[in-house]
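Engineer:
Number of protein chains: 2
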Amino acid sequence: MDSKSSRKNISQAIIRRLPRYYRYLGELKAEGVERISSSELSSLMNVTASQIRQDLNNFGGFGQQGYGYNVEYLYDEIGKILGIDRPHKIVTVGAGNLGSALSGYQNFPRYGFNILAMFDNDEAKIGSTIHGIPVLPVSKLTSYIEENGIEIVILAIPKEEARQIIHTLEGTSIRGVWNFAHTDFEMSGGIVVENVHLSESLMRLSYEIANSERLD
Amino acid sequence: MDSKSSRKNISQAIIRRLPRYYRYLGELKAEGVERISSSELSSLMNVTASQIRQDLNNFGGFGQQGYGYNVEYLYDEIGKILGIDRPHKIVTVGAGNLGSALSGYQNFPRYGFNILAMFDNDEAKIGSTIHGIPVLPVSKLTSYIEENGIEIVILAIPKEEARQIIHTLEGTSIRGVWNFAHTDFEMSGGIVVENVHLSESLMRLSYEIANSERLD
DNA sequence: ATAATGTTGTTAAATAAAAAACAATGCAAC
DNA sequence: GTTGCATTGTTTTTTATTTAACAACATTAT
Chain A
1 MDSKSSRKNI SQAIIRRLPR YYRYLGELKA EGVERISSSE LSSLMNVTAS QIRQDLNNFG
61 GFGQQGYGYN VEYLYDEIGK ILGIDRPHKI VTVGAGNLGS ALSGYQNFPR YGFNILAMFD
121 NDEAKIGSTI HGIPVLPVSK LTSYIEENGI EIVILAIPKE EARQIIHTLE GTSIRGVWNF
181 AHTDFEMSGG IVVENVHLSE SLMRLSYEIA NSERLD
Chain B
1001 MDSKSSRKNI SQAIIRRLPR YYRYLGELKA EGVERISSSE LSSLMNVTAS QIRQDLNNFG
1061 GFGQQGYGYN VEYLYDEIGK ILGIDRPHKI VTVGAGNLGS ALSGYQNFPR YGFNILAMFD
1121 NDEAKIGSTI HGIPVLPVSK LTSYIEENGI EIVILAIPKE EARQIIHTLE GTSIRGVWNF
1181 AHTDFEMSGG IVVENVHLSE SLMRLSYEIA NSERLD
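If you're matching them up, the sequences are chains A and B in order. Numbered per our numbering, the first sequence spans residues 1 to 216. Numbered per our numbering, the second sequence spans residues 1001 to 1216.
#1: Below 7 Å on C-beta distance, what does V1196(B) contact in chain A?
#2: Give a yes or no on contact between the segment 1147-1163 of chain B and the segment 1175-1185 of chain B, applying the rule of three or more CB pairs nearer than 8 Å.
#3: Just to confirm my understanding: we take K1125(B), look at its own chain, exclude 5 residues before and 5 after, and list those with CB closer than 6 Å. What are they?
#4: How about V91(A) and Y24(A): do their beta carbons lie closer than 8 Å?
#5: With respect to the alpha helix (DSSP H) encompassing D1055(B), which residues constitute its N-terminal and C-terminal limits?
#6: Can you tell me the Cα-Cα spacing of Q64(A) and N70(A), whole angstroms?
#7: Using the beta-carbon of each residue, which ones in chain B are nearer than 8 Å to N97(A)?
#8: Please report whether the beta-carbon of L1056(B) lies at a distance below 8 Å from any beta-carbon of chain A.
#9: Taking 8 Å as the CB-CB cut-off, is H167(A) touching chain B?
#10: How big is the Cα-Cα spacing for L1141(B) and N211(A)?
#11: Within 10 angstroms of its Cβ, does L1205(B) collect 16 or more other Cβ (buried), or is it exposed?
#12: In this structure, how does DSSP classify L155(A) when only helix, strand and coil are distinguished?
#13: In the structure shown, what three-state DSSP assignment does I150(A) receive?
#14: With a Cβ-Cβ cutoff of 8 Å, do I52(A) and S43(A) count as a contact?
#15: Would you please state the rounded distance, in angstroms, between the beta carbons of V138(A) and V93(A)? I believe it to be under 8 Å.
#16: According to the neighbour-count rule (16 or more other Cβ atoms, all chains shown, within 10 Å of its Cβ), is S1188(B) buried or exposed?
#17: Report yes or no: is there a C-beta of chain A within less than 8 Å of the C-beta of G1190(B)?
#18: List the residues of chain A whose Cβ lies closer than 8 Å to the Cβ of G1171(B), in chain order.
#19: How would you label Y1067(B), buried or exposed, when you count the other beta carbons within 10 angstroms and need 16 or more for buried?
#20: If you check the beta carbons only, do Y207(A) and L1098(B) fall under 8 Å apart?
#21: Please tell me whether I81(A) and F59(A) are closer than 8 Å, where the distance is taken between their beta carbons.
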């Protein structure tokens, strides 16, 4: 058993919370806070202290009894767990509204998410740059991936085209796909897919609205 | 007790799944499929049939023994549960990359999510239209909301500005906020907030990549 | 009509997640 | 040093979620 895959099975619920811990710790760090206890963090984040301690202990003991957690150390350790202790090379397929917006998203570079190129079939876009990122023809996608060691592909195209691209990508050395197409994908070859469904997020908001009462 | 708030407490896990059921049923409906059993749907969606039946039964009995579910009927019923059986009036605050992309997102109108206006402080944008949607000054936000019966506000601005806007919105008649700012908000007055954190989604992908092995 | 079949709605069991409790231990004060 | 305090890491308990089981019942075939 190697170290990575032998890590005790971590539930999706915990994985969902990790980036949130990371964000709050990043803010504390920026404010110059050096140490924090699970109970302080708990009231800040609106979760129980017990959950924080238990979540963290799935990955090792990062705190000190009687002291709490060193903010910077814990921040860095969670960064390692999340795999953002090193940069990631990314390309975007689809230079439409969403693809362009995601590619130019200001927060990504600071987490080491670097978008190197965009791919599109629109002749009018090919050859131009958007937010300083070159737009290349989709026909060059796989060769670009291999030549530049791309790890992650952002898919921002309609589902029909996405299906075909997904198939093409299965043969490449990428490790993950961040999928915004309106359908769920799974991939072979150990390539991980994170399906994002913006409409569904908005529907959940709609649900909450429909099932809550206005308080005046 | 009124019918809405008396509904048995529904877990977040179930609410997360509802839009997904809705999407699959919509596709089946579009394909002309008239009926489907929980077990057929289960293999389609990669969940257990038991979970489907149990999820649906939180909202009532939509199926028929020995027959299954009528696709169109179930689709409509879930639409009602999600509150998308009627249109929603929406405005976007922030006419930057993300705000513009979301406002022009093709999938929203078909669910009745109609974006009527965008608000920004950039003089260069004010007065123009993006994807056919007028860009207005932020100073007009609250009056526009009240005059046009806006229900939902999309927040696509940095967190510092967002905090202030959130405060302003608490006095209005809106029912929900779809927040893309890089921080979590809660609101008073029964206004619901759905916090979307794109960075965190990408970090989860990064986690999965870091903790999986490549299969060649 | 009647019987056989299929499939739900619902109850029960199993599993997973979260919260609480607490023993172990490092830190700070004296 | 020794004692008391704070706070973790870990175990136990509780709660929630998921899966399985099954009785009830509609549909279909005969």
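In this text, a Cβ means the ideal position worked out from N, Cα and C, and glycines have one as well. These numbers come from a predicted model, not from an experiment.
Structural biologist: Taking the definition as stated:
#1: Within the second sequence, residue 1196(B) is the residue found at index 196, counting from 1. S201, listed in chain order.
#2: The count of Cβ pairs closer than 8 Å, one atom from the segment 1147-1163 of chain B and one from the segment 1175-1185 of chain B, reaches three, so the stretches are in contact.
#3: Working through the second sequence from its first residue, we reach residue 1125(B) at position 125. Here the set comprises A1095 and V1135.
#4: Here the question's residue 91(A) lines up with position 91 in the first sequence. Here the question's residue 24(A) lines up with position 24 in the first sequence. Not a contact, by the Cβ cut-off of 8 Å.
#5: Indexing the second sequence from 1 puts residue 1055(B) at position 55. Taken as a continuous stretch (DSSP letters only), the alpha helix (DSSP H) holding D1055(B) covers A1049 to N1057.
#6: Taking the first sequence and counting its residues from 1, one reaches residue 64(A) at position 64. Taking the first sequence and counting its residues from 1, one reaches residue 70(A) at position 70. Spanning the two alpha carbons is a distance of roughly 8 Å.
#7: Reading the first sequence from its first residue, position 97 is the one you call residue 97(A). Scanning chain B for C-beta atoms nearer than 8 Å to the C-beta of N97(A) yields S1100, A1101, G1104, Y1105 and H1131, reported in chain order.
#8: Here residue 1056(B) refers to the residue found at position 56 of the second sequence. No, L1056(B) lies away from the interface with chain A (no Cβ there is under 8 Å from its Cβ).
#9: For this step, residue 167(A) is matched to residue 167 along the first sequence. H167(A) does not count as touching chain B.
#10: Counted from its first residue, the second sequence places residue 1141(B) at position 141. Counted from its first residue, the first sequence places residue 211(A) at position 211. One Cα belongs to L1141(B), the other to N211(A), and the distance between them is close to 26 Å.
#11: Numbered from its first residue, the second sequence carries residue 1205(B) at position 205. Its Cβ being crowded by 16 or more others within 10 Å, L1205(B) is buried.
#12: Numbered from its first residue, the first sequence carries residue 155(A) at position 155. Of the three classes helix, strand and coil, the one that applies to L155(A) here is strand, per DSSP.
#13: For the purposes of this step, residue 150(A) is taken as residue 150 along the first sequence, with counting starting at 1. Look at I150(A) here: in three-state DSSP terms it is coil, with no helix or strand label.
#14: Here residue 52(A) corresponds to residue number 52 of the first sequence, with the count starting at 1. Here residue 43(A) corresponds to residue number 43 of the first sequence, with the count starting at 1. No. Outside cutoff.
#15: For the purposes of this step, residue 138(A) is identified with residue 138 of the first sequence, where counting begins at 1. For the purposes of this step, residue 93(A) is identified with residue 93 of the first sequence, where counting begins at 1. Here V138(A) really is in contact with V93(A); their C-beta atoms are around 7 Å apart, less than 8 Å.
#16: By one-based count along the second sequence, residue 1188(B) stands at place 188. Of the residues assessed, S1188(B) falls on the exposed side of the cut-off, its CB having fewer than 16 other CB atoms within 10 angstroms.
#17: Position 190 of the second sequence holds residue 1190(B). Yes, because at least one Cβ of chain A sits closer than 8 Å to the Cβ of G1190(B).
#18: Residue 1171(B) sits at position 171 when you count from the first residue of the second sequence. What G1171(B) touches in chain A: nothing, since even the nearest Cβ is about 11 Å away.
#19: As a position in the second sequence, residue 1067(B) is number 67, starting the count at 1. So Y1067(B) ends up on the exposed side.
#20: If you number the first sequence from 1, residue 207(A) lands on position 207. If you number the second sequence from 1, residue 1098(B) lands on position 98. Their beta carbons are not under 8 Å apart, which means Y207(A) does not touch L1098(B) by this criterion.
#21: Counting from 1 along the first sequence, the entry for residue 81(A) is found at position 81. Counting from 1 along the first sequence, the entry for residue 59(A) is found at position 59. Yes, the pair counts as a contact, with Cβ atoms nearer than the cut-off.
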